[in-house]
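*Asks:* Provided herewith is a single structure, encoded as structure tokens, for subsequent inquiry.
Number of protein chains: 2
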Amino acid sequence: MALIVQKYGGTSVANTERIKSVARRVAEYHRRGDRLVVVVSAMSGVTDSLIKLAKEIAPLPSEREMDMLLATGEQQTIALTAIALHALGVPAVSLTGAQAGIVTDGVHTKAKIHNITPRAVHALLDAGSVVIVAGFQGETAEGEITTLGRGGSDLTAIALAAALKADLCQIYTDVDGVYTADPRLVPNAQKLDQIAYDEMLELASLGAKVMQSRSVEFAKKFGVVFEVRSSLNDNPGTIVKEETKSMEGIVVRGVALDKNQAKLTLVAVPDRPGVAARIFKALGGAAINVDMIVQNVSHGTDTPQTDISFTVEKADLAKARKVIDSLKAEVGFRDVIANEAVGKLSIVGVGMKSHTGVAGKMFEALARAGVNIDMISTSEIKISVVIDLARAEAAVRAVHAAFIG
Amino acid sequence: MALIVQKYGGTSVANTERIKSVARRVAEYHRRGDRLVVVVSAMSGVTDSLIKLAKEIAPLPSEREMDMLLATGEQQTIALTAIALHALGVPAVSLTGAQAGIVTDGVHTKAKIHNITPRAVHALLDAGSVVIVAGFQGETAEGEITTLGRGGSDLTAIALAAALKADLCQIYTDVDGVYTADPRLVPNAQKLDQIAYDEMLELASLGAKVMQSRSVEFAKKFGVVFEVRSSLNDNPGTIVKEETKSMEGIVVRGVALDKNQAKLTLVAVPDRPGVAARIFKALGGAAINVDMIVQNVSHGTDTPQTDISFTVEKADLAKARKVIDSLKAEVGFRDVIANEAVGKLSIVGVGMKSHTGVAGKMFEALARAGVNIDMISTSEIKISVVIDLARAEAAVRAVHAAFIG
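This is how it looks when you write it as structure tokens:
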């Protein structure tokens with residue numbers, strides 16, 4: 237008799253048939269005697285059509301009113317899910333985020349959870365009900381409706397699991413779990429039985445978009461062990477948890493490819509203190525997220541010069557160029573080169589901490605595949621390289637073959 | 237600088253263009269310096285498609301969950317209306333029924349308003365905002381979301397007008413106001429400048445479906461003067477208020493036709509005490525609403541017998557027949573005759589209290605039009621007759637011509 241928090245995303249509740257299928261799964265757990273809290277997202281498409289309505293009225297609608305509007309999507313799903321459970325003879329009660337006691341700050345459209353007072357949830361569980369909670373939403377202490385931003389329903393589930401001290405948190409999605417690589421690129425990619433929070437975080441931020449980083453960070457912070465699994469079958473998924481000694485036996489947990497990066501190179505930048513700070517402060521001020529930064533050693537003797545390369549999201553490239561161009565006179569670099577045809581390939585694994593020669597093995601695999609490396613960046617559990625986009629998928633296969641199979 | 241409560245129904249907010257048009261009207265009042273509370277319904281079609289989703293899952297969904305589901309319709313409209321006002325530079329804040337302080341009992345899908353604590357509404361008005369309130373919904377003292385049933389948004393507006401002591405309450409709809417008869421039946425029907433609550437109540441219950449009776453009753457109870465007018469033009473509408481001396485000068489305020497009635501006649505019912513009670517208690521027990529009842533004088537000498545006729549809604553006819561048939565042995569009537577081809581024609585006017593000969597004039601008009609009268613029923617301010625459905629529209633024109641023009 238475990239207390240289980242389950243979360244079903246938009247595609248898992250896309251229509252009434254899918255909702256009935258979610259209810260059947262929940263009912264099975266309930267019949268086994270488990271106590272269940274079920275977090276659901278808006279039916280896929282609902283949020284987008286609400287956003288479309290708002291944009292028909294105003295291009296930049298108020299964030300407070302967008303929260304008021306979008307919170308209705310999840311509210312509809314919780315009611316429909318409860319109705320589906322009743323149809324199976326399972327007692328169930330739906331709760332909005334506010335009713336479930338999810339209190340957030342007042343930053344509309346991307347609120348942070350302050351605390352959870354799950355009194356109503358406990359009372360309903362004690363009464364034998366399945367409790368259906370609207371994901372993605374909460375309420376400020378003043379009673380204003382808020383939403384948690386992208387990936388918010390995952391966050392609701394993990395935060396509830398923490399607050400309820402749940403035995404298990406299951407994130408149901410449309411994939412079977414976390415893979416060693418994107419199975420569409422690497423046919424022999426393997427589903428992982430388990431993965432460490434830090435590995436999951438690196439993969440999340442690297443374009444293996446199973447979950448948003450913030451939900452994983454939250455889970456890590458509160459020690460919530462969760463499972464990513466499919467709502468379309470009964471296969472076990474991937475358990476995400478704190479790293480253990482045994483995890484370190486595997487050097488590379490996964491290979492990720494991010495095609496959404498662009499590279500900017502400033503050529504012949506005067507190599508004097510404060511220059512890099514000036515450039516990256518300006519980019520930060522324009523809310524441009526800079527990912528990798530590489531500065532080569534200085535060359536030239538009279539007035540030493542260097543090249544600085546960095547990557548930004550493709551969507552930010554034009555804006556970043558504008559910022560850089562505006563600095564040309566002041567900083568005095570010779571030229572700026574932009575390249576959108578790049579991919580960022582990364583290998584991730586907590587085992588890297590205790591294994592040597594990982595980078596060498598990766599670079600060798602790339603060289604053998606004829607892939608040239610543009611930029612390199614490493615962390616304790618990750619090695620990332622920027623490469624030519626045209627060779628990127630072949631590169632993923634080569635690196636996967638070298639480390640995983 | 238008046239405090240005005242405006243209510244816009246589903247067709248007035250049917251799409252984003254209509255919502256923008258509502259916003260333009262509200263903005264005009266706001267620029268004039270009025271303080272505005274705007275109650276809106278769900279966009280037309282939204283509630284129906286939500287009901288359809290629920291019925292796809294279960295034929296008889298839980299009423300608590302239906303409230304959770306349907307309350308989202310109005311919540312979407314308030315957000316979109318606020319966004320539309322912002323686009324016109326008008327400060328506006330949306331509030332759910334709960335946020336607006338509308339506290340109801342716990343009877344889901346047809347909750348009654350217990351009280352309104354319009355603290356948030358007052359605060360926002362004082363801060364210079366237009367306040368947009370979700371119609372049709374409230375919250376119990378325990379925080380459960382409830383809806384008020386059919387016509388609930390009108391009720392929200394009138395209850396808010398009472399609680400706020402508003403100077404004016406405007407019910408915007410898709411008709412210009414209350415007419416002396418249905419203009420589709422009677423081309424020279426006239427829009428009324430004013431009408432008494434009691435007249436409006438009789439007309440509401442008689443099939444002139446501008447508003448539900450309960451909203452008018454609520455307005456009468458709390459003395460809320462309101463105006464029914466069109467959201468499609470700027471014509472003044474019809475003011476609904478307590479009757480005044482001047483109103484009594486007009487004998488007949490309106491002529492209404494209800495085609496939704498069916499007549500049942502029990503032939504040769506033993507005329508002894510308790511028989512009528514037995515019949516109508518059984519019908520009441522089956523939740524069948526009986527409208528007119530006519531019992532003729534007794535005939536026969538040995539065992540006196542009478543005929544009893546009554547009307548029910550067409551939708552209830554089959555159920556009513558079943559109840560009656562089940563009583564046949566016990567009550568001992570000879571036969572039962574059902575007639576669906578009837579219409580109920582009524583004239584309404586507070587002036588009837590002080591005028592004589594009204595019934596005679598009505599019956600004469602019907603006779604001249606060749607219309608036979610099946611049943612007659614009168615109240616202080618109303619005379620209703622049941623007639624052949626085939627002649628009913630001609631009858632409306634004849635009676636309208638006799639009294640109004």
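Sequence order for the protein chains is A and B. All residue numbers for the first sequence refer to my numbering, where the first residue is 237 and numbers rise by one. All residue numbers for the second sequence refer to my numbering, where the first residue is 237 and numbers rise by one. Even glycine gets a Cβ: it sits at the ideal position worked out from N, Cα and C.
(1) Alpha carbon to alpha carbon, how far is alanine 577 (chain A) from serine 620 (chain A)? Give it in angstroms, no decimals.
(2) How do the segment 287–298 of chain B and the segment 386–401 of chain B stand: do at least 3 beta-carbon pairs fall below 8 angstroms, yes or no?
(3) Using a threshold of 8 angstroms, state whether the C-beta atoms of lysine 427 (chain A) and tyrosine 408 (chain A) are closer than that.
(4) Is any beta-carbon of chain B found at less than 8 angstroms from that of histidine 322 (chain A)?
(5) If the cut-off is 8 angstroms on Cβ atoms, which residues from the segment 375–392 of chain A count as contacting chain B, listed in chain order?
(6) For glutamine 373 (chain B), decide whether its Cβ has a neighbour in chain A, counting only Cβ atoms nearer than 8 angstroms.
(7) Residue range of the beta strand (DSSP E) that lysine 477 (chain A) falls in?
(8) Based on DSSP bridge pairs, tell me the residues matched to methionine 611 (chain A).
(9) Decide if lysine 291 (chain A) is buried, meaning its Cβ has at least 16 other Cβ atoms within 10 Å, or exposed.
(10) According to the Cβ coordinates, are valine 548 (chain A) and leucine 500 (chain A) closer than 8 angstroms?
(11) Go through its chain and collect everything with a Cβ distance to aspartate 543 (chain A)'s Cβ below 8 angstroms, but skip five positions before and after it.
(12) Report the partner residues of tyrosine 408 (chain B) according to the DSSP bridge assignment.
(13) Please check the pair isoleucine 617 (chain A) and glutamate 438 (chain A), which I expect to be a contact at CB under 8 angstroms, by giving their CB distance rounded to whole angstroms.
(14) With 16 other CB atoms within 10 Å as the buried threshold, where does serine 590 (chain B) fall?
(15) Just checking my contact of threonine 340 (chain B) with threonine 376 (chain B) at CB under 8 angstroms: how many whole Å lie between their CB atoms?
(16) Pick helix, strand or coil for alanine 492 (chain B), following the three-state DSSP scheme.
(17) One question on the structure: do phenylalanine 458 (chain A) and alanine 398 (chain A) come within less than 8 angstroms of each other, judged by their Cβ atoms?
(18) Confirm, please, whether the CB-CB distance from threonine 382 (chain A) to alanine 347 (chain A) is below 8 angstroms.
(19) For lysine 256 (chain A), does the count of other Cβ atoms within 10 angstroms reach 16, so buried, or fall short, so exposed?
(20) Here's a check: name, in chain order, each residue in its chain whose Cβ is nearer than 6 angstroms to the Cβ of valine 241 (chain A), leaving out the five neighbours to either side.
(21) Between which two residues does the alpha helix (DSSP H) carrying valine 452 (chain B) extend?
(22) Which whole-angstrom value is the C-beta distance of glycine 585 (chain B) and valine 476 (chain B), which I expect to be below 8 angstroms?
(23) Kindly indicate the opening and closing residues of the alpha helix (DSSP H) around glycine 579 (chain B).
(24) For the alpha helix (DSSP H) that contains leucine 355 (chain B), what are its first and last residues?
(25) Could you pull out every unbroken beta strand (DSSP E) segment of at least 3 residues lying fully inside the segment 273–299 of chain B, listed in chain order?
(26) Does DSSP classify isoleucine 652 (chain B) as helix, strand or coil?
(27) Am I right that glycine 325 (chain B) and serine 277 (chain B) are in contact with their C-beta atoms under 8 angstroms? What's the rounded C-beta distance?
(28) According to DSSP, is phenylalanine 372 (chain A) part of a helix, a strand, or is it coil?
(29) For the candidate residues A:Gln541, A:Asp552 and A:Ala307, whose alpha-carbon lies nearest to that of proline 509 (chain A)?
(30) In the DSSP assignment, what are the bridge partners of glutamate 549 (chain A)?
(31) What first and last residue would you give for the beta strand (DSSP E) that runs through valine 572 (chain A)?
(32) Decide if histidine 636 (chain A) is buried, meaning its Cβ has at least 16 other Cβ atoms within 10 Å, or exposed.
(33) Would you kindly report the start and end of the unbroken beta strand (DSSP E) that includes threonine 382 (chain A)?
(34) Please state if the CB of glycine 309 (chain B) and the CB of threonine 345 (chain B) are separated by a distance shorter than 8 angstroms.
(35) Got a sec: which bits of the segment 280–293 of chain A sit with their beta carbon under 8 angstroms from any beta carbon on chain C, in order along the chain?
(36) Quick one, which of A:Glu566, A:Ala601 and A:Met528 has its alpha-carbon nearest methionine 611 (chain A)'s?
*Replies:* With the structure as the only source:
(1) Pairing serine 620 (chain A) with alanine 577 (chain A), the inter-Cα distance amounts to about 16 angstroms.
(2) Result no; under three Cβ-Cβ pairs closer than 8 angstroms.
(3) No, the Cβ-Cβ distance between lysine 427 (chain A) and tyrosine 408 (chain A) is not below 8 angstroms.
(4) So, interface residue.
(5) Closer than 8 angstroms at the C-beta level to chain B, one finds these residues of the segment 375–392 of chain A: Gly379 and Ile381.
(6) No - not a single Cβ of chain A is within 8 angstroms of the one on glutamine 373 (chain B).
(7) Bounds of the beta strand (DSSP E) holding lysine 477 (chain A) are 474–477.
(8) Methionine 611 (chain A) pairs with A:Val622.
(9) Residue burial annotation: lysine 291 (chain A) is exposed, with fewer than 16 other C-beta atoms found within 10 angstroms of its C-beta.
(10) Closer than 8 angstroms, so yes.
(11) So the qualifying residues of the chain are Thr501, Leu502, Val503, Ala504, Val505, Gln531 and Asn532.
(12) Answer is B:Tyr244 and B:Arg465.
(13) Sure, about 6 angstroms apart at Cβ, within 8 angstroms.
(14) In the assembly as shown, serine 590 (chain B) is an exposed residue. Its beta-carbon has fewer than 16 other beta-carbons within 10 Å.
(15) 6 angstroms between Cβ atoms; contact.
(16) In the structure shown, alanine 492 (chain B) falls within a strand segment according to DSSP collapsed to helix, strand and coil.
(17) Yes, they are a contact pair.
(18) Yes, Cβ-Cβ distance for alanine 347 (chain A) and threonine 382 (chain A) is below 8 angstroms.
(19) Sixteen is the threshold: when 16 or more other Cβ atoms of the shown chains lie within 10 Å of the Cβ of lysine 256 (chain A), as they do, the residue is buried.
(20) For valine 241 (chain A), the CB contacts under 6 angstroms within the same chain, skipping 5 residues up- and downstream, are Val273, Ala393, Leu396, Ala397, Ala402 and Cys405 in chain order.
(21) Looking at the DSSP string, the run of the alpha helix (DSSP H) that includes valine 452 (chain B) is 449–458.
(22) Taking the Cβ atoms as the reference, glycine 585 (chain B) lies roughly 15 angstroms from valine 476 (chain B), outside the contact range of under 8 angstroms.
(23) First-last for glycine 579 (chain B): 578–584, but that is the beta strand (DSSP E), not the alpha helix (DSSP H).
(24) The amino acid at residue 355 (chain B) is misidentified as leucine; the sequence shows arginine. Under the DSSP assignment, arginine 355 (chain B) falls in the alpha helix (DSSP H) whose first and last residues are 355–362.
(25) The DSSP assignment places no complete beta strand (DSSP E) segment of no fewer than 3 residues inside the segment 273–299 of chain B.
(26) There is simply no residue 652 (chain B) to check, as chain B begins at 237 and stops at 641 in what is shown.
(27) Contact doesn't hold; Cβ gap of about 25 angstroms is too wide.
(28) DSSP places phenylalanine 372 (chain A) in the coil class of the three-state scheme, outside both helix and strand.
(29) Checked all of A:Gln541, A:Asp552 and A:Ala307; the closest Cα to proline 509 (chain A) is A:Gln541.
(30) The partner list for glutamate 549 (chain A) (beta bridge, DSSP) reads A:Gln497.
(31) Start and end: 571–575.
(32) Around the beta carbon of histidine 636 (chain A), 16 or more other beta carbons lie within 10 angstroms, which makes this residue buried.
(33) From DSSP, the beta strand (DSSP E) with threonine 382 (chain A) extends over 381–383.
(34) Not in contact: threonine 345 (chain B) and glycine 309 (chain B) (Cβ atoms no closer than 8 angstroms).
(35) Of the chains in the structure shown, none is chain C; the protein chains are A and B.
(36) Looking at the Cα atoms, A:Met528 is the closest of the given residues.
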